[in-house]
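Novice: Protein chains in written order, with the working numbering: chain A, 1 to 276; chain B, 277 to 1061; chain C, 1062 to 1218.
Before anything else, here's the structure in question.
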């Protein structure tokens, strides 16, 4: 149970949402935008966060939509993960989402909530990192869009009072061959030790990973090595690993050494799969 | 068919009678402890320690006291007494210092739970951190910080031997035969060290206690407990209230596994209620508190040295078991004792020197847990035996059969096994057959995966006081149906159903006509030690049989008058009392059990009340120097085995099959018995493969939620194969032995054996995560010893 | 736009009955169902989304009620264990040993109900994906597997 009081707003439009946020902020209530609410209820109960107001985005049409518009798949930030899983118009996103948490919780987890939340795994962002997705925001300064690499650097970069409205992915990326491999410590329902998404786009290998570093990343420096199809997959995996300078996670779930080992195995297998 | 014969041929014991509470459970109608709040209930919330070892400098609660809705704030100073079932070492709220991460330091009582929790965030506690005793090695090192500086002042039962000036809360010794002789006779030897961290019960229902106090000082506690009479006794002593004025109610419990044995939240609840003028106060653990603030199970370090002849016959065992019982040892002093006196497991070894220690550390403290010290002992011995099998180049099944304890052999405590001894060789043979042991124990598949098998043997007797008791009262309703009152709590194990079956069989009536009283109230139920140690059906079953015999004697005595025959000629069955050699000459029980009324109105008899009791027979304590004695009521033994499929590239594996064969004397209800074994195996898989607390460098638990403390989930479970052997236990009801715990004993050993075989290297610690298996396989292939 | 502040009265439609309850916006659906409406069959196990003891249906969608605020779902149709009418499913849990202590059972039944409504033609994999959302500490999952498959009309051993 959440022991502190809060004010709950349920706007029907983007403008109402922003106005509600501003009203709450001006009252000193430290408002948060509410998607599925899984993090807010649990972290609130644990005393880790203490918002004085919540602005529920689930009724806003742009946040709830899921479909092709103008040659792009528009995924509303408040779309539950199971909607994406059960309607796999974007298989890479469906597969990644299907591996997060458990089925029941995925009815509440939202694409936007997963990416914008405090938990640092943010796996739903992996396909977007590969597909040069566009992120649409709304806030007190109005609407804006940004490419994924500007909008997301380990975490979503939001201006004060902003929320993620939707993510848009050009149609040509939806059916790309992808390889996804997720490994956990002991059982499927857990955070990942490594969740890797590989794709071959415009002749080059793109790789994004969660659980391996502190936050989800594109493997930019390493991708160059990955795309050298003259070298065997295993060798390329080693080269890619060696090119990484960022610290690999080491915690009670797994050591950095084991994560690197899993990473290497997944890379090698993924490269073989993508290149037939 | 004559009415009297209708049910006499029907077997009830040994059949799958449905649980009486089944319909309520699937309808969500069972009222667990937290489902009933007395009017005016207040709510408690706890402040717990963020440190594993620290002195409490100050507690400022003004900010909390002033919140509207807050009725009172308590700290350790409000109750400086130490409690404990065997060793009184713990106060309900920390006094002076905190000894483990999550230890309760203060409590708030308020009108709503939200008020109470909010108030806890306004309480400022200042600590001075102390050096952390973060391992057994730390605890036993020269000059180690003492967790309990005042240990010498603690009261304890005579069977517990704390060692002054140390962190050793108890030492249990086993000295049998002569180990020098044993080592001389040995033709092969191994020595190994085996270990695992502490863990938790993680029952689905978190602990909760609601206490209130009447104007006449009568205490009423409703609590999720396995031990209503123990709670009553300890509350009476701790608060100096006559025991007859303390009433404890145990409703249906949502899983216990030992974690709700002894005393848990009840003393705190009474303390808080007393502080608010006796109003009902609910103390309910959050899941995090249930995992970390309330006790779990111990960790282990063990060193085992075994000697044997070439033919496999063990000549000697030298064993050191050290139980990491965390900050408080209350119950765990007996856990380590039980692990000690159950050495060396279900084997005959003529020469044994063993020490079993219960040691304090700044880890989460331990209480009774399913297996009561035997998972630890079994793991250490089974690993050692597997090391020996490799050394002797002997099949692990054969090595165990060669050494299996048999009737006439002596235990570690020099007690002679009687003819009730279970058939361990048969259990081992059955498990090995079920797993196709003869077809090979290590196979490499085409895809490179390795399939491997491992086996283990185990035993356990109830670890109980020598004076453990059970009693049952039977009364009758107007239709001849029976009410059964027992002190056994239904925690999911099915004991209430088993008792109903026993009574129904004895009276030759339908089990649905036996109503077992669901909630145990200590002022109504007859006394029972507690629902633990796998003795409930054994002892309460004996008591139930005695109660039926008593009732039947009364019925016959009453009926002999109108039937004009002697008592010896009468039979009671099928809801009638009748002349054995002329069954039609009889009276329906409804006409007898409340009263018998003659045609002219004269009345004889009166309500029949069947009384039955049972105390543990012939038990002794154990000698302080040698461990000799007879502490075990009956030993249930068996074997477990697993088949795994391992991917050597990353150590990941699946358990394909898990088999168990156990000699239980007599199966009362096959479905419920299987349920207990399968449930025990699932818990055992979790224990072996993935469950453990992780402590950071300052002794703080880092995985104290169910998201991070991983239990087995649906889909991770193997195919379960369960068989029973029935070598009768002459003194058990219908020949049964206890079986509630034993399912948990064998998987750590068997799984370790299988994965070690697959990896090509012995793995001597738990949990057996893929990373651990991978490291072992890497070590093996790189030729490390 | 809806705005709830302080104690508010909301309407919950639970098991086809209309309940008017006074709640805090911070109150979870789990607590409101148990403590304000008085339906105690839905259980508190972790309040962290991990165990599933709090599972019920919101507009037919299987949901862990510890992670939902009551104010989020006012006006929706909620089904709790008390409103589960599927005797075939319940009988299967009884006959196949789908529970022991019973504490996780309400949650499992609601999840299984939602799964069976989706399609009675279930693969092992699909059953696993749904049921791994709930923890059980007593049964080892064998009885639950048999019960759900039996309720789905599949042959059980």
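All residues carry an ideal CB built from backbone N, CA and C; glycine is no exception.
(1) Evaluate residue 901/B with the Cβ neighbour count: other Cβ atoms within 10 Å of its Cβ, from every protein chain shown; 16 or more gives buried, anything less gives exposed.
(2) In the DSSP assignment, what are the bridge partners of residue 217/A?
(3) Compare the C-beta of residue 283/B against all C-beta atoms of chain C and say whether one is closer than 8 Å.
(4) So, for residue 702/B: in the same chain, excluding its five sequence neighbours on each side, which residues have a beta-carbon less than 6 Å away from its beta-carbon?
(5) Rounded to the nearest angstrom, what separates residue 480/B and residue 78/A at their Cα positions?
(6) Compute the distance between the beta-carbons of residue 355/B and residue 535/B, then report whether it is under 8 Å.
(7) Determine, using beta-carbon pairs with one atom in the stretch 576-589 of chain B and one in the stretch 378-398 of chain B, whether at least three such pairs fall under 8 Å.
(8) Which residues in chain B have a C-beta closer than 7 Å to the C-beta of residue 1109/C? List them in chain order.
(9) If contacts are defined as beta-carbon pairs under 8 Å, then residue 731/B and residue 673/B qualify, I think. What distance do you get, rounded to the angstrom?
(10) Would you mind sorting residue 553/B into buried or exposed? The rule is 16 or more other CB atoms within 10 Å of its CB.
(11) Beta-carbon separation of residue 717/B and residue 1033/B under 8 Å?
(12) Can you list the alpha helix (DSSP H) stretches of 4 or more residues lying completely in the stretch 454-482 of chain B, in chain order?
(13) When the Cα of residue 467/B is compared with those of 653/B, 582/B, 369/B, which residue comes out closest?
(14) Do three or more CB pairs link the stretch 495-502 of chain B to the stretch 463-477 of chain B at distances below 8 Å?
(15) Residue 180/A bridges to which residues according to DSSP?
(16) Let's see if you can read the secondary structure: which residues bound the alpha helix (DSSP H) around residue 1191/C?
(17) List the DSSP bridge partners of residue 788/B.
(18) Closer than 6 Å by C-beta to residue 283/B: which residues in its own chain qualify, once you throw out the five before and the five after it? Chain order, please.
(19) With H, G and I counted as helix, E and B as strand and the rest as coil, what does DSSP make of residue 631/B?
(20) Taking buried to mean at least 16 other C-beta atoms within 10 Å of its own C-beta, is residue 392/B buried or exposed?
(21) Residues in the same chain with beta-carbon distance under 6 Å from residue 136/A, minus the five sequence neighbours each way, listed in chain order, please.
(22) Hey, is residue 293/B's beta-carbon within less than 8 Å of any beta-carbon in chain A?
(23) Taking the straight line between their C-alpha atoms, what separation do you get for residue 1121/C and residue 307/B?
(24) If we ignore side chains and look at the alpha-carbon of each, how far apart do residue 339/B and residue 47/A end up?
(25) Please name the residue or residues paired with residue 969/B in a DSSP beta bridge.
(26) Quick one: list the residues of chain C neighbouring residue 206/A, beta-carbon separation under 8 Å, in chain order.
(27) Against chain A, does residue 592/B count as a neighbour if the rule is that its beta carbon must be under 8 Å from one of theirs?
(28) Return the residue from the list 1077/C, 1167/C, 1090/C that minimises the CA-CA distance to residue 1205/C.
(29) Answer yes or no: does any C-beta atom of chain C fall closer than 8 Å to that of residue 1044/B?
(30) Would a C-beta distance cut-off of 8 Å place residue 810/B and residue 771/B closer than the cut-off?
(31) So with Cβ pairs under 8 Å, would you call residue 1065/C a contact of chain B?
(32) Does the distance from the CB of residue 603/B to the CB of residue 577/B come in under 8 Å?
(33) Quick check: is the beta carbon of residue 279/B nearer than 8 Å to any beta carbon in chain A?
(34) Do residue 886/B and residue 749/B have their C-beta atoms within less than 8 Å of each other?
(35) State the Cα-Cα distance for the pair residue 316/B and residue 1104/C, rounded to the nearest angstrom.
(36) At 8 Å on the CB atoms, spell out the chain C contacts of residue 16/A, in chain order.
Specialist: The answer reads as follows:
(1) Residue mapping note: residue 901/B aligns to position 625 of the second chain, counting from 1. With fewer than 16 other Cβ atoms within 10 Å, it is exposed.
(2) Stepping through the first chain from its first residue, residue 217/A is reached at position 217. Answer is 209/A, bridged to residue 217/A.
(3) The count along the second chain starts at 1 and reaches residue 283/B at position 7. Its pLDDT being 46, under 50, residue 283/B is placed unreliably by the model, and nothing is read from it.
(4) Within the second chain, the letter at position 426 stands for residue 702/B. Taken in chain order, the residues that qualify are 1001.
(5) For the purposes of this step, residue 480/B is taken as the residue at position 204 of the second chain. For the purposes of this step, residue 78/A is taken as the residue at position 78 of the first chain. Their Cα atoms are separated by approximately 31 Å.
(6) Here residue 355/B is taken as the residue at index 79 of the second chain, counted from 1. Here residue 535/B is taken as the residue at index 259 of the second chain, counted from 1. Result no, Cβ atoms of residue 355/B and residue 535/B do not sit closer than 8 Å.
(7) no
(8) Taking the third chain and counting its residues from 1, the one referred to as residue 1109/C is at position 48. The answer, in chain order, is 563, 981, 982, 983.
(9) By one-based count along the second chain, residue 731/B stands at place 455. By one-based count along the second chain, residue 673/B stands at place 397. The Cβ separation is near 6 Å, so the contact holds.
(10) Within the second chain, residue 553/B is the residue found at index 277, counting from 1. Burial call: exposed.
(11) Position 441 of the second chain, counted from the start, is the residue given in the question as residue 717/B. Position 757 of the second chain, counted from the start, is the residue given in the question as residue 1033/B. Taking 8 Å as the Cβ cut-off, residue 717/B and residue 1033/B qualify as a contacting pair.
(12) 455-461
(13) Here residue 467/B refers to the residue found at position 191 of the second chain. When each option's Cα is compared against that of residue 467/B, the closest is 582/B.
(14) no
(15) As a working note, residue 180/A is residue 180 in the first chain. Answer is 197/A.
(16) The residue given as residue 1191/C occupies position 130 in the third chain. 1185-1192 is the extent of the alpha helix (DSSP H) around residue 1191/C.
(17) Translated into the one-based positions of the second chain, residue 788/B becomes position 512. The partner list for residue 788/B (beta bridge, DSSP) is empty, contrary to what the question assumes.
(18) Working through the second chain from its first residue, we reach residue 283/B at position 7. Confidence in residue 283/B is poor, its pLDDT being 46 and thus under 50, which makes the residue's placement too unreliable to answer from.
(19) The sequence position of residue 631/B within the second chain is 355, counting from 1. In the structure shown, residue 631/B sits in a strand (DSSP, three-state: E or B).
(20) As a first step, residue 392/B is located in the second chain; it is residue number 116 there, counting from the start. Classification of residue 392/B: buried, given that the 10 Å Cβ count is 16 or more.
(21) Indexing the first chain from 1 puts residue 136/A at position 136. Only 145, 165, 166 meet the Cβ criterion.
(22) By 1-based counting over the second chain, the position of residue 293/B is 17. Look at residue 293/B: its C-beta is not under 8 Å from any C-beta on chain A.
(23) Your numbering for residue 1121/C matches position 60 in the third chain. Your numbering for residue 307/B matches position 31 in the second chain. Each residue's alpha carbon lies about 26 Å from the other.
(24) If you number the second chain from 1, residue 339/B lands on position 63. If you number the first chain from 1, residue 47/A lands on position 47. Straight-line spacing of the CA atoms in residue 339/B and residue 47/A works out to 17 Å.
(25) Here residue 969/B refers to the residue found at position 693 when the second chain is read from its first residue. Paired residue(s): none; residue 969/B is not in a bridge.
(26) In the first chain, counting from the first residue as 1, residue 206/A sits at position 206. Per Cβ cutoff of 8 Å: no residues; residue 206/A is ~28 Å from chain C at best.
(27) Position 316 of the second chain, counted from the first residue, corresponds to residue 592/B. It does not; no Cβ of chain A falls within 8 Å.
(28) To locate residue 1205/C, count along the third chain from 1; it is residue 144. Among 1077/C, 1167/C, 1090/C, the Cα nearest to that of residue 1205/C belongs to 1167/C.
(29) For this step, residue 1044/B is matched to residue 768 along the second chain. Chain C contact via Cβ: absent.
(30) Here residue 810/B refers to the residue found at position 534 of the second chain. Here residue 771/B refers to the residue found at position 495 of the second chain. No, the Cβ-Cβ distance between residue 810/B and residue 771/B is not below 8 Å.
(31) The sequence position of residue 1065/C within the third chain is 4, counting from 1. Not closer than 8 Å to any Cβ of chain B, the Cβ of residue 1065/C fails to qualify, so no.
(32) Mapped onto the second chain, residue 603/B falls at position 327. Mapped onto the second chain, residue 577/B falls at position 301. No, Cβ-Cβ distance for residue 603/B and residue 577/B is not below 8 Å.
(33) The count along the second chain starts at 1 and reaches residue 279/B at position 3. Note on residue 279/B: pLDDT 42, under 50, position unreliable in the model; the coordinate value appears next. Output row for residue 279/B: interface = no.
(34) Locating residue 886/B in the second chain gives position 610, counting from the first residue. Locating residue 749/B in the second chain gives position 473, counting from the first residue. Taking 8 Å as the Cβ cut-off, residue 886/B and residue 749/B qualify as a contacting pair.
(35) Counting from 1 along the second chain, the entry for residue 316/B is found at position 40. Counting from 1 along the third chain, the entry for residue 1104/C is found at position 43. Spanning the two alpha carbons is a distance of roughly 22 Å.
(36) On the first chain, position 16 is the one that residue 16/A refers to. In chain order: 1062.
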